[in-house]
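For the sequence shown, position 59 matches number 58 in numbering that gives the first Met the number 0, and the numbering has no gaps at all.
Please read the structure below before turning to the comments.
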Amino acid sequence: MNPQPPAPTCVRHPNRPTGLACTRCGRPSCAECLRPAAVGQHCVDCLRQDQRSAAPVRTVAGAQTATRASMPYVTYALIAINVVVFAITAAQSESLMDNQRGSSLFLDWVLFAPAVADGEWWRVLGSGFLHYGPIHLLLNMFALYVVGRDAELALGRLRYLSVYLVSLLGGSAAVMALAQNTVTAGASGAVYGLFGAITVILIRLRQNPNQMLIIIGINVFISFSLPGISLWGHLGGLAAGTFATLGILFLPSWLRAKSQETARIIGWVAVAVVAIVALSVVGATAVTLTS
């Protein structure tokens, strides 16, 4: 009978076994070394790092200074980029509701597998910033605003942006492989990837993920049921975001990384592997279409 592996110990208190870990850096930490965050908990070392990089601001009273709380700037920037791109397509088409007709930007960026096979590789990512009309834009941006803020604060800005882009890439790869004759646009694949990321974060924190699983199930059912929705784009983004976040949050502990730097490297390698797989699918599909 194989002996049970020893329980991980707190990085600041080696004599304290713990089943908890910092949501941001992934290092095992005891309850005394963790502080509540928007999603999950951060260790005191990560909090000190945030405080050193935070800028002082005035309070409303103006009589004292306070530390600016962590803000989901990447989420806000992604929303702004999507809105600006939509505004450009609407201006080019001279139509708010029918912005895809007559817009050169929309025609140049929309995902169409044969065009990617002809060398227009930018469509794989560019299509994720296009939307069919204001309702499509508002639905995706609302979902991004709701789930993106918590995911960004839990993962950190760079890892969050990486998961977002990998999810977008995974959605495009699935469309390239399984829906080659469709014309696809929208941030839905990336948003579905964030749904998966939030679910993994909740599981890592040993919290109940049922609410997110229900939301994912409802959205997947809608994707199956309604015409004109990119089912494979949604499922590809969901898979890519889920696997990338699993690699970031679980792989370091599975490989027993003992230092924060090693954990970060393992997490980045996991994200890179998911991105390479998605790109390989895109490349293989493009080669098949041109042959």
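Glycine included, every Cβ here is placed at the ideal spot set by N, Cα and C.
Would residue i and residue j be called neighbours here (beta carbons separated by less than 9 Å)?
i      : j      : result
Gly185 : Asn139 : yes
Ala243 : Ala274 : yes
Val162 : Val270 : yes
Ser166 : Gly236 : yes
Val10  : Arg26  : yes
Thr284 : Val115 : yes
Val145 : Ser126 : no
His233 : Ser222 : yes
Ala196 : Leu160 : no
Thr183 : Ser229 : yes
For residue i, which of helix, strand or coil comes out of DSSP?
i      : result
Gln40  : strand
Ala20  : strand
Leu95  : coil
Leu110 : strand
Pro35  : strand
Pro27  : strand
Thr289 : helix
Leu181 : Per the sequence shown, residue 181 should be read as Thr rather than Leu. Of the three classes helix, strand and coil, the one that applies to Thr181 here is coil, per DSSP.
Short of 6 Å in beta carbon distance, which residues of its chain neighbour residue i, apart from the five on each side in sequence? Order them along the chain.
i      : result
Leu309 : With the chain covering 0 to 290 only, the question about residue 309 has no answer from this structure.
Trp231 : Ala173, Val174, Leu177, Ala178
Gly132 : Met96
Which same chain residues end up closer than 8 Å to residue i when comparing Cβ atoms and leaving out the 5 residues on each side of it in sequence?
i      : result
Met0   : Confidence at Met0 is low in this model, with a pLDDT of 45, below 50, so its placement is unreliable and the value that follows should be read with caution. There are no such residues.
Ile214 : Phe194
Cys29  : Cys9, Arg11, His12, Arg15, Thr17, Leu19
Val293 : This structure gives no information on residue 293, because the portion of the chain shown stretches from 0 to 290.
Figure out for me which residue from the options has the closest Cα to the Cα of residue i.
i      : options                      : result
Phe111 : Ala196, Ser171, Leu46        : Ser171
His130 : Leu225, Pro13, Val83, Val272 : Val83
Ala238 : Gly188, Val73, Leu106        : Gly188
Ala90  : Phe105, Cys29, Asn180        : Phe105
Ser102 : Tyr75, Ile134, Thr241, Ile87 : Ile87
In chain order, what residues of the same chain have a beta carbon less than 7 Å from the beta carbon of residue i, not counting five sequence neighbours either side?
i      : result
Pro208 : Thr198, Leu201, Ile202
Ile265 : Leu250, Pro251, Leu254, Ala256
Arg158 : Ile247, Gly266
Cys45  : Cys21, Arg23, Cys24
Ala79  : none
Cys42  : Cys21, Cys24, Arg26, Ser28, Cys32, Leu33
Original post:
What are the uninterrupted segments assigned as alpha helix (DSSP H) that are 4 or more residues long and contained completely in the region 118-149, given in chain order?
Top reply: Here the runs fully enclosed are 122-125.
Original post:
Which runs of the beta strand (DSSP E) fall wholly inside the region 154-178 and span at least 3 residues, in chain order?
Top reply: The region 154-178 contains no whole beta strand (DSSP E) run of 3 or more residues.
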